[in-house]
Amino acid sequence: HYLLVALLSLLTLSTSFAQETDKTIKGAACLVSDDQGRVLVTRDILNNRIAIPGGYVDSDNPADAAIRETLEETGINVEAVGEIARMGKAVLFDCRATSPIPVLKTTAEAEKAAVAAWQAEHFAREVRSVFLMKPNQEMLDNARFPEQVDMFPALLKSATPSPIQEFDDFSALASPFDV
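So for the sequence shown, the working numbering puts the first residue at -4; every next one is plus one.
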């Protein structure tokens, strides 16, 4: 009987802590990567800065907010594998694409590859372009949140790589054009 009461008390404390923590979280983002160590990033229209997909936690939970923002900004459906970092009032999730990410074929030594993202809800409204990009000086110099970029090399060691599909050009992905 005492063991049951103790377990219920622990569960109640754990649940209240989780609810309190969720109320303090205001932002959520996804770290989506591939097996070449590249990170999915967007280039913002307003400030021309690079950032990983993410945004405000509205009425959803942080993981769902990160998934929603990634879809809105990149057109890529992802699943949150797990939380990998907290930065102030934001949480960063290790996310994996649920289907191959369409990327423009590049050379093996290329630092970034364009991602077909024109179907994303926020493309051309909020997002200028989408890339898979290695964390490097260019990313750091153009980052909206440089402190995140500094964390990427360590986080990539435990991140879940997403599948990619390379294309010579994206014409096969475009809608048919009829006159």
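We put the beta carbon where it would ideally sit given N, CA and C, even for glycine. If you're wondering where the values come from, they're calculated on a predicted model, not measured in any experiment.
Check, Outcome
"Determine the contact status of Leu151 and Leu87, defining contact as a CB-CB distance below 7 Å.", "no"
"Going straight from the alpha carbon of Glu121 to that of Gln114, what length do you get?", "13 Å"
"Check whether the Cβ atoms of Gly77 and Asp59 sit closer than 7 Å, and answer yes or no.", "no"
"May I ask you to report which of helix, strand or coil DSSP gives Ile62?", "helix"
"Give the list of continuous alpha helix (DSSP H) stretches no shorter than 4 residues that lie fully inside the stretch 78 to 141.", "132 to 136"
"Give the single residue among Met82, Leu35, Ala75 whose Cα lies nearest to the Cα of Glu142.", "Met82"
"If I measure Cβ to Cβ from Glu116 and keep anything under 7 Å in the same chain, skipping five residues before and after, which residues do I get?", "Glu67"
"Taking all protein chains shown into account, decide if Glu161 is buried (16 or more other Cβ within 10 angstroms of its Cβ) or exposed.", "exposed"
"Between the C-alpha atoms of Arg44 and Pro171, what's the straight-line distance to the nearest angstrom?", "32 Å"
"Distance check for Pro148 and Phe12, CA to CA, integer angstroms please.", "In this predicted model, Phe12 has a pLDDT of only 28, less than 50, meaning its place in the structure is not dependable; the value taken from the coordinates is given anyway. Cα to Cα, Phe12 sits roughly 31 Å from Pro148."
"Within 10 angstroms of its Cβ, does Thr37 collect 16 or more other Cβ (buried), or is it exposed?", "buried"
"Between the C-alpha atoms of Ser157 and Val110, what's the straight-line distance to the nearest angstrom?", "13 Å"
"Compare the beta carbon distance of Gly32 and Lys129 with 7 Å and say whether it is the shorter of the two.", "yes"
"Give a yes or no on whether the C-beta atoms belonging to Ala24 and Ile40 are separated by under 7 Å.", "no"
"On a Cα-Cα basis, can you pick out the residue from Ile62, Gly50, Leu127 that is closest to Ile159?", "Leu127"
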